[in-house]
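For the sequence shown, the residue numbers in this note's numbering are 96 to 282. Just so it is clear, CB atoms sit at the ideal spot from N, CA and C, and this is done for glycine as well. The structure displayed is predicted, hence computed values, not measured ones.
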Amino acid sequence: TQRRRVVLCAPAGARRRATARHRRHAPAHPGRAAAAHDVDAARQPRCAQSAQQPPGEKATTVPAISPAGRLIAYAAGRTYESSQLYLRAVDDFVTRPVAGSVNAMYPFFSPNGQTLMFFAGGKLRRTSVAGGAATDIASAPTPWGGTFDADGRIVYVSGLGSGLWRVSADGGTPEQLTKPDGAGAGY
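#1: On the DSSP letters alone, give me the boundaries of the beta strand (DSSP E) that Thr-230 sits inside.
#2: Report back the beta-carbon spacing between Val-250 and Thr-242 to the nearest angstrom; my notes put them in contact at under 8 Å.
#3: Could you please give me the residues that DSSP links to Ser-223 through a beta bridge?
#4: Less than 8 Å between C-beta atoms, sequence neighbours within five positions excluded: which residues of the same chain meet that for Ala-130?
#5: Is the beta carbon of Leu-259 closer than 8 Å to that of Thr-268?
#6: Who pairs with Val-250 in a beta bridge, going by DSSP?
#7: Alpha carbon to alpha carbon, how far is Val-193 from Thr-155?
#8: Among Ala-159, Ala-168, Tyr-201, whose alpha-carbon lies nearest the alpha-carbon of Ala-235?
#9: For Pro-192, write down the residues that DSSP places opposite it in a beta bridge.
#10: Looking only at its chain, what residues have a beta carbon closer than 7 Å to the beta carbon of Gln-209, apart from the 5 residues adjacent to it on each side?
#11: Measure the alpha-carbon distance for Val-262 versus Ile-232 and round it to whole angstroms.
Shown next, in the form of structure tokens:
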């Protein structure tokens, strides 16, 4: 079957280096410029810069990169409602679906990179990057993202105008950190 690639990352400065190299090595004959550039490009190390998706699927949320820079988590599907979270190593095109991640968005990694957090079905969820079932951590009806604080707890926004909330990475009762000013009109 035919597969579509979704670009997730690009090496910093790669385009600038290729353009400078092209100018430096471009022959006077315009028809030979592309050939000279192609030879230089063939010498560059290969980098897996995209992830393959089945036909008709697209990325449905921003990707997250693990702290060590070795894993990428992203959601993709035909629609947002049918999207699923995927994990892949940055040096490989092979993707692995994350169990229990239908309708997932805003993934983020724990500081050690072993745990993947995401929002799905009105909940903040947690799973191991090694695999296994996802577990609910807290309610998040219309989330806007999250991160880990210095103490290993999760700070997140459960909905527009809800303020910041904090909860243990193992779950528990969330604590409201901030309240929006102006009767819920801000953050």
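In brief:
#1: Where Thr-230 is concerned, the enclosing beta strand (DSSP E) starts and stops at 230-234.
#2: Contact annotation, Val-250 with Thr-242: C-beta distance approximately 6 Å; criterion of less than 8 Å satisfied.
#3: DSSP lists Thr-210 as partners of Ser-223.
#4: Because Ala-130 sits at a pLDDT of 37, beneath the cut-off of 50, its placement in the model cannot be relied upon, and the point is left open.
#5: It is not a contact, given that the beta carbons lie outside the stated cut-off.
#6: Beta bridge pairing from DSSP links Val-250 with Thr-242, Arg-261.
#7: Each residue's alpha carbon lies about 15 Å from the other.
#8: Closest by C-alpha distance to Ala-235, out of Ala-159, Ala-168, Tyr-201, is Tyr-201.
#9: Pro-192 is bridged to Tyr-181.
#10: Cβ neighbours of Gln-209 beyond the five flanking positions: Ser-223, Val-224.
#11: Between Val-262 and Ile-232, the C-alpha separation is close to 8 Å.
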